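Some notes on the structure that comes next.
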Amino acid sequence: MLVQILFYAFSAMLIASAFGVITARNPVHSALCLVLSFFTSAALWLLIEAEFLAIVLVLVYVGAVMVLFLFVVMMLDINVEEVRKGFTRYAWLGWLTVLAIVFEILGVVAVRRLGIDATQAPRPLASDYSNTGALGEVLYTRYVYPFELAAVLLLVAIVAAIVLTMRHRKGLKVQDIGKQVATRAQDRVRVLKIPAEKRE
Amino acid sequence: MTDTTFSLAQILPAMPEIYLTAAVCVLLVFDVFFGMKKPSRTASFTLVLLLGGALVTLLTADFGHARMLFDGMYVADNLATLLKLAAFLFVAVALYYSSDYLVRRHIQKGEYYVLALTALLGILVLTSAGNLITIYVGIELLALSLYALVAFDRENGLAAEAAMKYFVLGAIASGTLLYGMSIVYGLTGSLSLATLSTALAGEPSLGLILGLTFIVVAVAFKFGAVPFHMWVPDVYEGAPTSVTMLVATAPKLASFALAFRLLAEGLGQSVATWSQMLAIIAVVSIVLGNVVAIAQTNLRRMLAYSAISNVGFILLGFVSGNADGYQAALYFTLVYVLVVLGAFGVILLGSRDGYEADQLDQYKGLAVRDPSLALIMAVLMFSTAGVPPFVGFWAKLRIIQALLGTNHVYLAGIAVLMSVIGAFYYLRVVWLMYFEAPGKLPLGQKRLSLRFIVGVNALAALALGLLPDALLDLCRSVMPLG
């Protein structure tokens, strides 16, 4: 009973914060809403005893990704009003589509049973059961193929990010460390002989 | 506990993917050491790697025996082998066609080839996907590589715009796919396509229909079918032509594999449900693609709308919902990719420094200015139009036969009618080349070796049309269903 109450409470919070992400006018606020939605999904994971995933979500997404994201949002200083100009021109079409989809989904969900009784709720596990260990065991065995492919996906992201953003500008003053190290005293210091002036 | 040991014999059928992953890493290092000064070296090396990949696929294939690897994540069967060989070949030819163009546009860099190979890896993964996770990772691998390739020419604002549209819409489609998959997973408790194919027997529940709808939307997006086609014309026109060629050819094989593995194999029990959805999408695609293509003055944009209508034909093959239809769809996909590859080869050959041969007006009187190029283009256009004896005719015929075999008479009628309308704009290109006075436009590239390969490509469209049985039998023999 308590679990169910918690589930619905967190779910409601998740949906509300997700709405907040897309409706907030201030990008900082939407980023913060996203943080909240990550937190609540982590809580939902805790409810089904997936504590490893919950902690990873908080550590990686909230701790690292979203903080970086907030930095970027705060530094960019985007004039939101300028970007939004003319944005609502097609809003009626968007609303119409959204309404149609919502009604259709409601029609499916509300009217009849979905047939999800085939899936059983996860059984509670023993208190000494290690989620992390279980994940580690299957990640490199059963799921090794998609796991390795996900690694290639990260490689693609790196290559694409570099190729799309790295540029060699001309006339840039860059240090050439090899040249600096290889330099000799003769190249830098000129010893001039200046004859001493005679005192009259 | 799961078996934790992998012997070489166990993973041998996955050798094409393993080889290609290694090849990507080798190519990255090769480019740093040998390709920075002369990018053409990287280009040649990539071609060698691709041909090696085709060889590896042939040598490690276990003909006639379907096998599941990695706990059912990976399917190795004849269909996968055929699609992989075709993908290696088509990507190799596409990269060969584009090397000259890349030099002229100053975008010949090692990363271009790396991203092309990772896109190919995504295609390979999709062709032998046995699990929803594998399908998703394959799609993302292909899509991310393509987004980056479309934006590859950073100085070009149009390309950046196309890439942005492609990326945003593609991300939404991925989300849709994941949502549909999560619903199906919730219904069955399994991600394995083999399990899904048996677990979903009987009358489809409403939850399944909901999940299926989202999956079909994502599949239609990946194909570029109406009403999820908005990205197609912009990407075809905005991206560098060489990238357009890559987007327009081999990924169509991946889309076919996606639809086949996911819908025909995994969700085969619900064929009655998704084939209705696909029928509507296919008909709208064929009608809109063919009608709007008439109004285009840009050849690349015209080919984009032609792609939309041809994708409709491929989906019609799936609408039949039996082995005949899937064979026809496979045949159509292979043939279509072959012909489009040649058409883009001609566009690349016709372009020069700072001049893209993508306006229809530029083809006026090409028969006088450059007879061989005009002849090649004419063969390819006749083939896509579906004029016998070219191969495009047989491809369309097979689709229509499959439709008639399952009593989809109306769909077959619309397909025939729209093919006739579509023939107009293909043949208009031939008309411009042969019956209009030549303007004062620059000639195409001399490049004899390139011309030879494009010529062979066009000749293949004719030869396969004269002897259609070989490829047809091949498509029939590799089909795992039926």
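Chains A and B, in that order, give the protein sequences.
Those letters in the first sequence? Residues 5 to 204, per our numbering, in order.
Those letters in the second sequence? Residues 1325 to 1806, per our numbering, in order.
Positions of the beta carbon are idealized from the N, C-alpha and C atoms, including for glycine.
This one's a predicted model, so the numbers in the text were calculated from it and none came from an experiment.
Among residues of its own chain, excluding the 5 on either side of residue i, which ones have a beta-carbon nearer than 7 angstroms to its beta-carbon?
i: Met-1325 of chain B; result: With a pLDDT of only 41 at Met-1325 of chain B, under 50, the local geometry of the prediction cannot be trusted, and no value is derived from it.
i: Ser-1521 of chain B; result: Glu-1589, Gly-1590, Gly-1592, Gln-1593
i: Ala-1784 of chain B; result: Leu-1662
i: Val-1692 of chain B; result: Pro-1762
Near residue i, what residues of its chain come up, given a Cβ to Cβ distance below 6 angstroms and the 5 sequence neighbours on each side ignored?
i: Leu-57 of chain A; result: Trp-49
i: His-1553 of chain B; result: Ile-1632
i: Phe-1412 of chain B; result: Leu-1374, Gly-1377, Ala-1378
i: Leu-1602 of chain B; result: Leu-1639, Phe-1642, Val-1643
i: Ile-1745 of chain B; result: Asn-1614
i: Ser-41 of chain A; result: Leu-18, Ser-21, Ala-22
i: Leu-38 of chain A; result: Val-25
i: Thr-1366 of chain B; result: Asp-1355, Gly-1359, Gly-1434, Tyr-1437
i: Glu-1680 of chain B; result: none
i: Asp-1401 of chain B; result: Ala-1390, Pro-1804
i: Ser-1599 of chain B; result: Val-1643, Gly-1645
i: Gly-1504 of chain B; result: Gly-1535, Phe-1538, Ile-1539
So, under 8 angstroms CB-CB, residue i and residue j are touching, yes? Tell me the CB distance rounded to an integer number of Å.
i: Leu-1517 of chain B; j: Arg-1585 of chain B; result: 6 angstroms
i: Val-160 of chain A; j: Leu-1468 of chain B; result: 5 angstroms
i: Val-112 of chain A; j: Leu-1534 of chain B; result: 5 angstroms
i: Ala-1578 of chain B; j: Ile-1447 of chain B; result: 4 angstroms
i: Lys-1546 of chain B; j: Phe-1637 of chain B; result: That pair is no contact at about 16 angstroms.
i: Met-1757 of chain B; j: Leu-1690 of chain B; result: 4 angstroms
i: Thr-1451 of chain B; j: Ala-1549 of chain B; result: With a Cβ gap of about 20 angstroms, Thr-1451 of chain B and Ala-1549 of chain B do not count as contacting.
i: Val-1559 of chain B; j: Ala-1486 of chain B; result: 5 angstroms
i: Tyr-1439 of chain B; j: Leu-1465 of chain B; result: The amino acid occupying residue 1439 of chain B in the given sequence is Leu; Tyr does not appear at that position. Their Cβ separation, rounded to whole angstroms, is 11 angstroms, which puts Leu-1439 of chain B and Leu-1465 of chain B out of contact at 8 angstroms.
i: Arg-1568 of chain B; j: Ser-1675 of chain B; result: The question names Arg, but residue 1568 of chain B in the sequence shown is Thr. Going by Cβ atoms, the distance from Thr-1568 of chain B to Ser-1675 of chain B rounds to 12 angstroms, so no, they are not a contact pair.
i: Leu-1627 of chain B; j: Ala-1667 of chain B; result: 6 angstroms
i: Ile-1610 of chain B; j: Ala-1739 of chain B; result: 6 angstroms
Measuring only between beta-carbons, confirm whether residue i sits less than 8 angstroms from chain A.
i: Ala-1747 of chain B; result: no
i: Arg-1478 of chain B; result: yes
i: Phe-1394 of chain B; result: yes
i: Ala-1305 of chain B; result: In the structure as shown, chain B begins at 1325 and stops at 1806. Residue 1305 of chain B is therefore absent and cannot be evaluated.
i: Thr-1519 of chain B; result: no
i: Thr-1345 of chain B; result: yes
i: Ala-1472 of chain B; result: yes
i: Lys-1489 of chain B; result: no
i: Lys-1361 of chain B; result: no
i: Lys-1546 of chain B; result: no
i: Lys-1433 of chain B; result: yes
i: Ser-1331 of chain B; result: no
i: Thr-1326 of chain B; result: Residue placement at Thr-1326 of chain B is flagged as unreliable, the pLDDT there being 48, under the threshold of 50; the coordinate-derived value follows with that caveat. Thr-1326 of chain B counts as touching chain A.
Cβ closer than 8 angstroms: which chain C residues qualify as neighbours of residue i?
i: Val-112 of chain A; result: Within the model displayed, chain C is absent; protein chains A and B are what it includes.
Quick one: is the Cβ of residue i within less than 7 angstroms of any heavy atom of the ligand ADP?
i: Phe-1714 of chain B; result: The model on display carries no ligand, and the ligand ADP is accordingly not part of it.
Using C-beta distances below 8 angstroms, list every residue in its chain close to residue i, excluding the 5 sequence neighbours before and after it, in chain order.
i: Ser-1364 of chain B; result: Ser-1423, Val-1427, Gln-1432
i: Leu-1273 of chain B; result: Since the first residue of chain B shown is 1325 and the last is 1806, residue 1273 of chain B is not available in this structure.
i: Phe-1714 of chain B; result: Val-1703, Phe-1706, Ser-1707, Ala-1785, Leu-1786, Gly-1789
Exercise for review: Tell me the start and end of each unbroken alpha helix (DSSP H) in the segment 1690-1758 of chain B that is at least 4 residues and wholly inside, in chain order.
Suggested key: If we require 4 residues or more, the alpha helix (DSSP H) runs fully inside the segment 1690-1758 of chain B come out as 1690-1693, 1695-1709, 1715-1729.
Check your understanding: In chain order, what residues of the segment 146-166 of chain A put their CB closer than 8 angstroms to some CB of chain B?
Key -> Cβ contacts with chain B come from Arg-146, Tyr-147, Val-148, Tyr-149, Pro-150, Glu-152, Leu-153, Ala-154, Val-156, Leu-157, Leu-159, Val-160, Ala-161, Val-163, Ala-164, Ile-166.
Exercise for review: Output, in sequence order along the chain, the residues in the segment 1397-1422 of chain B whose CB is closer than 9 angstroms to any CB in chain A.
Suggested key: Residues are counted here when their Cβ sits less than 9 angstroms from a Cβ of chain A; for the segment 1397-1422 of chain B these are Met-1397, Tyr-1398, given in chain order.
Exercise for review: Could you tell me which uninterrupted alpha helix (DSSP H) segments, each at least 4 residues in length, are contained entirely in the segment 107-185 of chain A, listed from first to last along the chain?
Suggested key: Listed in chain order, the alpha helix (DSSP H) elements of length 4 or more contained wholly in the segment 107-185 of chain A are 135-143, 148-169.
**Study point:** chain A contacts from the segment 1436-1470 of chain B (Cβ-Cβ distance under 7 angstroms)
**Key:** Only Val-1438, Leu-1439, Thr-1442, Leu-1445, Val-1449, Ile-1457, Thr-1458, Val-1461, Glu-1464, Leu-1465, Leu-1468, Ser-1469 from the segment 1436-1470 of chain B bring a Cβ to less than 7 angstroms from some Cβ of chain A.
Check your understanding: the segment 168-179 of chain A: which residues have C-beta closer than 8 angstroms to a C-beta of chain B, in chain order?
Key -> Here the close residues are Leu-168, Arg-171.
Exercise for review: Using a Cβ-Cβ cut-off of less than 9 angstroms, give me the residues of the segment 1523-1544 of chain B that come near chain A, in sequence order.
Suggested key: The segment 1523-1544 of chain B vs chain A, Cβ under 9 angstroms: Ala-1523, Pro-1528, Ser-1529, Leu-1530, Gly-1531, Leu-1532, Ile-1533, Leu-1534, Thr-1537.
**Study point:** Contained alpha helix (DSSP H) runs [length at least 4] in the segment 28-74 of chain A, N- to C-terminal order
**Key:** Along the length of the segment 28-74 of chain A, whole alpha helix (DSSP H) runs at least 4 residues long occupy 31-51, 55-60, reported in chain order.
Exercise for review: Identify every run of the beta strand (DSSP E) within the segment 1378-1430 of chain B, keeping only runs that are complete inside it and at least 3 residues long; order them along the chain.
Suggested key: Counting only runs of 3 or more, we get 1391-1393, 1398-1400.
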